[in-house]
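Shown next, in structure tokens, is the structure this report addresses.
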Amino acid sequence: MRTLPELLASVGSLVGTPAPFTPDNAPEHPRDLFFDWFAAAIAAGVAEPHAMTLSTVDAEGLPDARVLILKGVTEDGAWTFAGSEQSTKGVQLGARPVAALTFHWKEQIRSIRVRGTVTQVPAPAARRDFLARGLAARTVALSAQQSSQLTDPGGFTRALSVARQQLEEEPETVPEVWRVWQVVPASVEFWQGQPDRNHLRLQYVRSGSGWERHRLQP
Numbered sequence: 023m024r025t026l027p028e029l030l031a032s033v034g035s036l037v038g039t040p041a042p043f044t045p046d047n048a049p050e051h052p053r054d055l056f057f058d059w060f061a062a063a064i065a066a067g068v069a070e071p072h073a074m075t076l077s078t079v080d081a082e083g084l085p086d087a088r089v090l091i092l093k094g095v096t097e098d099g100a101w102t103f104a105g106s107e108q109s110t111k112g113v114q115l116g117a118r119p120v121a122a123l124t125f126h127w128k129e130q131i132r133s134i135r136v137r138g139t140v141t142q143v144p145a146p147a148a149r150r151d152f153l154a155r156g157l158a159a160r161t162v163a164l165s166a167q168q169s170s171q172l173t174d175p176g177g178f179t180r181a182l183s184v185a186r187q188q189l190e191e192e193p194e195t196v197p198e199v200w201r202v203w204q205v206v207p208a209s210v211e212f213w214q215g216q217p218d219r220n221h222l223r224l225q226y227v228r229s230g231s232g233w234e235r236h237r238l239q240p
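This note's numbering puts the sequence shown at residues 23 to 240.
Okay, here's the thing in structure tokens:
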């Protein structure tokens, strides 16, 4: 059996095709460059380009991370996502409302990093988000205490059946704990990898009501 170091050495890196990127021609707002890159990712066939890693910090200062789906980017340039206030991420965001988002599109050797403070959007937006989800997703969200220990699988299966029946009878049902959060960025970095490792990095840093742009070394 091969060892882990042998397996790691056998795997290639930066195996995608670099997308064209001229940092000096980047728009003034990171939101606009994100839109451009996201559209290019879809056109290039990147798998699930809306998947992102959400990194948070718990009350003791320990970092945590999970992958979830981007819900949108506001006109003001805040990145949004949703979930239960009772989930691990919800509890952590309640204690320390800061977060980082990371997108990685290996097909184009691209990454985007968003860092900032987190706020909740108004309840009507959270309601719209929940009702727009498929029946299966709403069923699980209504019946589960996300991330809590599963001590009774049979009981959870029964809870799913009850939740599904409730949604079929009352399709406008929305859990009181459902939330939509937004990351208001302090900085956004766009990373375009290169096979020769001379990577192109552009960082946006919030400055007053606008943005400063800086090239970063590879």
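We treat Cβ as the ideally placed atom computed from N, Cα and C, and that holds for glycine.
Whole-angstrom distance between residue j and residue i, CA atom to CA atom
i: LEU123; j: ARG88; result: 10 Å
i: GLY67; j: ARG132; result: 13 Å
i: LEU222; j: PRO52; result: 15 Å
i: VAL143; j: SER183; result: 30 Å
i: PHE152; j: VAL196; result: 7 Å
i: PRO175; j: ALA62; result: 43 Å
i: MET74; j: SER106; result: 17 Å
i: ALA181; j: GLU211; result: 43 Å
i: ARG137; j: PRO217; result: 27 Å
i: VAL113; j: ALA148; result: 17 Å
i: THR7; j: ARG235; result: Because the chain is modelled from 23 through 240, residue 7 falls outside the range shown and cannot be assessed.
i: ASN220; j: ALA65; result: 25 Å
i: ARG228; j: SER209; result: 6 Å
Residue nearest to residue i in terms of C-alpha spacing, selected from the options
i: GLY215; options: ALA121, ILE91, LYS128, LEU30; result: LYS128
i: LEU90; options: HIS126, GLY83, GLU97; result: HIS126
i: LEU115; options: PRO240, GLU97, GLY83; result: GLY83
i: VAL120; options: ASP86, LEU92, LEU153, ALA147; result: ASP86
i: PRO40; options: GLN130, PRO146, VAL33; result: GLN130
i: HIS72; options: PHE212, ASP80, TRP101; result: TRP101
i: ARG201; options: MET74, THR141, ALA81; result: THR141
i: GLU190; options: SER170, GLN171, LEU157, GLY177; result: LEU157
i: GLN239; options: PRO217, TRP213, VAL227; result: TRP213
i: ASP54; options: TYR226, ARG237, GLY230; result: TYR226
i: GLN188; options: THR139, ALA154, ASP58, ALA163; result: ALA163
i: GLN171; options: THR110, LEU92, SER32; result: THR110
Residue i classed as buried or exposed, judged by whether at least 16 other C-beta atoms fall within 10 angstroms
i: ASP46; result: exposed
i: GLY232; result: exposed
i: LEU76; result: buried
i: PRO207; result: buried
i: SER165; result: buried
i: GLN167; result: exposed
i: THR96; result: exposed
i: VAL37; result: exposed
i: GLY34; result: exposed
i: THR161; result: buried
i: ALA185; result: buried
i: ARG135; result: buried
i: ALA145; result: exposed
Range of the contiguous alpha helix (DSSP H) that encloses residue i
i: GLU234; result: Unbroken run through GLU234 is the beta strand (DSSP E), 232–238; no alpha helix (DSSP H).
i: ALA148; result: 145–153
i: ARG118; result: Counting along the chain, ARG118 falls outside any alpha helix (DSSP H), and DSSP gives it neither H nor E.
i: ALA31; result: 26–32
i: THR161; result: 157–165
i: LEU84; result: Taken as a continuous stretch (DSSP letters only), LEU84 belongs to no alpha helix (DSSP H), as it is neither H nor E.
The ligand NAD heavy atom lying under 6 Å from the CB of residue i
i: GLU198; result: Summarising the ligand content, the structure contains no ligands, and the ligand NAD is consequently not present.
Segment limits, beta strand (DSSP E) that includes residue i
i: ARG53; result: First-last for ARG53: 52–65, but that is the alpha helix (DSSP H), not the beta strand (DSSP E).
i: GLU211; result: 200–214
i: GLN225; result: 222–229
Going along the chain, which unbroken runs of the beta strand (DSSP E) with 3 or more residues stay wholly within the region 91–116? 101–106
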